[in-house]
Every structure is written in C-alpha cells, then in structure tokens.
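Worksheet: the structure to be examined is printed underneath.
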Amino acid sequence: MQSQNENRAEPSPGRPAGQFSSLLWQLLALGIFVPLVARFWFLCDDAYISFRYGRNLAQGLGLAWNPGEPSPVEGYSEFGWVLISALIQALGAPVETIAPWISALCGAALVMSVTHLISRHLVSHPVARLGGVLFVAGAVPLAVWSTGGMGSMAALLCLWLMYSRLLTNVDVHDGWGAGLAGVGLVLLRADGHLWVFLLAGSALMLARLRKDPCLMKAARLAAGLPLLAFLALTAFRLGYHGDWLPNTARAKIGLSPFVIERGARYVGHAFLTYPGLLLALALPLMMGRRTLERPSFVALLVFAAAPAYALLVGGDFMCFHRFLLPLWPFGAVLLAKGLQALAEDSPKRARVALTLALLIPASNLIPAWDLHVVPQSLRERCFFRFNATSANGTIMFRTEREQWLDMTTRARQWKRLGEAVAGNTAADASLVAGAIGALGWASKRTVFDQFGLTRRDVGDFPQLPGRASPGHDRYAPASYFAPESPTYARVSIIDEHSLRQLGTPPSHVTVLDLDQERYGPGQFLILKRYPRP
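Numbering of the sequence shown is given in the numbering used here, commencing with residue 6 and proceeding in unit increments.
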C-alpha cells in the first residue's frame, strides 16, 4: 500500500522557516491583489437580482421575484448567495455593502490559499514560487469578481478548497473538508455539481489506479456529501419552484451552432486578452511528465474543463470572462510546476524561467490599464458581445476594462432610475423592463422581465434569430405582457436636451421633473403608460 505522502510534489521546508517563508509570499500576494480589488470595486446589475430575492425572503414573502406570484420562479443561479443576502438583510445590515466585502474576503482567502500551497508544498525553487504567486495575485479577473456583489468568488473558493483538501496530497486526505467545500459549491452555483463530479471523479479514478484506500475513502466522502446536498436542493426546487433546473439555465442556455461559435469566440477572446494563460498551460506540457503528478494533473483537467463549459453555454456578456475564473488558481499551479522543471535543468534555463516568471503574470496584469500584448485588430476577431452597438447599429468593440466601466455605470443608472420610480409611482404599480436587477431592487415595484430570467414562459421562448449577446438569447416584447396589465411599458430618465428633442409628449407619457439635489439639474423621469385595450 502506498503511503499517503508518497506523491507529495515537493518536500516542505522546516516547519518554522517554512511557515515564515509562506507568510512572506502571502503578504506579497496580498500586496498586489488588494489594490487591484480596490481599483475595480463595483456592483453589477445581476447582483441586485439576488439581493431582491433575498429581501423578499427576509421579509417573509418567499423566494419570489415579484411577491405574490402563484408559482415562484427560480430566477437566480446562486441559491446559497441568495440565502446569504437574505440573512444579511434579516439582520438589518446593508447588503450592498456587506455582500461585496464577503466576496472580497473570499477572494483574498483564495489568493492566500493558492500562495500557501505553491510556496509551502508544491514547488521548492524560488523562481517557480515567484511565478505562481505573481500569476494568481495579479489575475485581474479574480480581483474584479472579488467584488461585483455576486457569489462567484465564494464558489471559486469552494472549488479550490475541495481540490486542495482532497487532491494535492499535502497531508492526510481530508474527505470531510473536501465534501463540505463541495456542498458549498453545489449551493453557490447552479452548475456546482458538475465541478464536484470532475474533482470527486478524478479522486476516485486516481485512488483506484494507485490502489490508495485512504484516498478512496476520502473521495467517497467528498462525493457523497455534495450529492446529498444536490438531491436535497433538487427536491426543494421541484417542490417550491416546480422545476428541477433554475430558470436562468433555461433562459440563457441552448445548444445551437451560433451558441457554440459565440462560446468559441468568448474563449478565444480570453486567451488573446490574457496570453499568459496559454503559456501557463504550455510550459508544464513542454517540460514533460515530471510536471504532471497528481496536483498538476487534476489542475490540468480543471484548466481544460472551464473553457469547454464556457464554449458549450455560449460565453457570458459580463466583463473579464467570469466563466473562466477557475483558470487562474489552477493555472498558477501549472505555471509553478512548469517553472520548477525549467529552473532545475540548468543555470541558463533558470534565468529563462525567471524571465517567464515575471513576463507571464505581467502580460495578464496590464489589461487592467487597457494595455495588451495582442493587438486589438486580432482581439476584435473574437468579439462576442453582439448587443454592444454604436448609434448607427454597428457592433462596437469594447475592452474588458471598458465593459467593466459600462456595467458599473449602467448599474448605478438603473438603481437611480429605480429610486425615481419608487418616489413617483404608486406602490402597486408595475412595469416592463429588460435590465431588471438594480431597477427592480430600488423601485420595489412589480417588474415583468423581458429576457426571461424570472419568467418561466419567456425562458421557454425559442432563441432569437440572428446574433445575440450571451445571456440575451430570448426576449419578449412589451406587448407580450398585456394579459397582466402592467402600469408602465417603459420608464427612463432623460436630460433637458433629450426632453426638448422629444417635443410635446403624447397623452400616455408622463414627464416628471426630478429633484435637483438628488438627481442633478435638468433630469426628468419618463413614464410611458402601458396601452389599454
């Protein structure tokens, strides 16, 4: 029988010295990561969907988008994050402040855990440690999605913890720790069970191949606990929402040649934006079998699975390639192992490894300032956000930083619009909208969702003809909601110049002058009443 530590990647340094060295590496990582998080601190519109579901639950109105719905629809993908949002609001705390902080702490914990594993256990050469630590600490997508108000970073932390507790073989295989992390992953992501299947399945396969009873026992526990959580969650979905899938999956996912093409564009655009990802993958493969023992082999599986998943679902319209977040911690493992093998070959190759350890993370970091290794003319060929159009209707390329800025600005504008609606309409008013998150959160009005995230009937629509942006493949015109008699077909805020261009408003349009102190000078709320038969 193999000993449990037979496959340890590198011998750990002496305990006191090793702990101190690991602490220094973690401080370096946080010194890079924390300023990046502060630079990109924001709330996205979709976060407010979870916040609104959480508020309704905290107020005893159930897990419903519009309270009083006869059959509440699961219009969210992060069940556990909605529960966290509900708990925050039940305690009377500001969820818009607390939720991003929880996410940021998860991001910091992830970076520290990856750094600790690399610097203390996976590699011994300082150049390999430097490259791996800089890679994960300077990962702009990790910093961006450590805020945003969504549960992406909490889910990624659970994925990493399941991997590190079960498959890195640093200490006794922690089946309970890995299993609980898997439970968190299942609850935090609608697709979490797929990642659990990948990691637990890998562990079971390795345990069988290596005849390792300790790993087999831990892997069964790591698979069993999330399986129970998944079955319980599915039973809840069927009983409460009447569906075994979140409605977001029906609204956003559907296989077609165009979806596959768009997903391929999404993945290609990511690798062109961060070319260091490809180098992190290529280096250990080039260095051969000695870099691909258990920890890096499983990291390679995750590294391959994330783009495959993004390709199949057609990508994501949000900034900085949210669906590819697993590439960063697991890419750091691969890069560190590749640099270790390269640096050990000869002093000359050690100098090459040092150069790569600095340049690869730098190539991934500079998009934070709209600087890129790959020219825009090449990146444009993989552009995938087909809803980003200019005034004449042509598709307008945006960098990831520009997309982040657009998302930040729009979420603030929609929240501001929701506040104006709340202050100038009746409490029982209802409206039709496409971007429902911040508007629905701030207005506290009934909102009918044109893109179908919170509407089962719209989510079952066929995909739109032509090219749509990821997540916007189905759409219901305002006229579709006539049977529910919405109060307003459209609401918006315009400035004085736009109002003059509008001319005399028709009888079904109400124009309200908004408070200057709150909304600024020359701002008007436009309420377009829904036509009555």
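Don't be surprised by glycine CBs; every beta carbon is placed ideally from N, CA and C.
Asked, Found
"Per DSSP, cross-strand counterpart(s) of residue 435", "451"
"Identity of the residue in 242, 509, 188 and 249 nearest residue 229 by Cα", "188"
"DSSP-derived helix/strand/coil call for residue 379", "coil"
"Per-residue DSSP class, three states only, for residue 528", "strand"
"7 Å Cβ cutoff met for residue 113 and residue 45", "no"
"Status (buried if at least 16 other CB within 10 Å, exposed otherwise) for residue 179", "buried"
"Cβ-based burial, residue 249 [other Cβ within 10 Å; buried from 16]", "exposed"
"Spatially closest choice to residue 334 from 261, 301, 49 and 26, by CA coordinates", "301"
"Beta-bridge pairing of residue 58 - partner residues as DSSP gives them", "None, per the DSSP bridge assignment."
"Buried or exposed by the 16-neighbour rule on C-beta atoms within 10 Å, applied to residue 157", "buried"
"Simplified DSSP state of residue 497, which is helix, strand or coil", "strand"
"Opposing strand residues paired with residue 514 [DSSP bridges]", "533"
"Burial state of residue 261, where buried means 16 or more other Cβ atoms lie within 10 Å", "exposed"
"Counterpart residues of residue 3 in DSSP-defined beta bridges", "The chain is shown from 6 up to 538; residue 3 falls before or after that span and cannot be answered."
"Three-state secondary structure assigned by DSSP to residue 265", "helix"
"Exposure of residue 522, with buried meaning 16 or more beta-carbon neighbours within 10 Å", "exposed"
"Inter-stretch contact (C-beta, 8 Å, three-pair minimum) for the region 403-420 and the region 365-377", "yes"
"Limits of the unbroken alpha helix (DSSP H) element including residue 207", "197-215"
"Given residue 462 as reference, the closest of 258, 162, 480 and 525 once Cα atoms are compared", "480"
"Collapsed DSSP secondary structure at residue 323 in the structure displayed", "coil"
"Check whether residue 543 and residue 192 have beta carbons under 7 Å apart", "There is no way to answer for residue 543, as the model of the chain reaches only from 6 to 538."
"Buried/exposed call for residue 186, threshold 16 Cβ in 10 Å", "buried"
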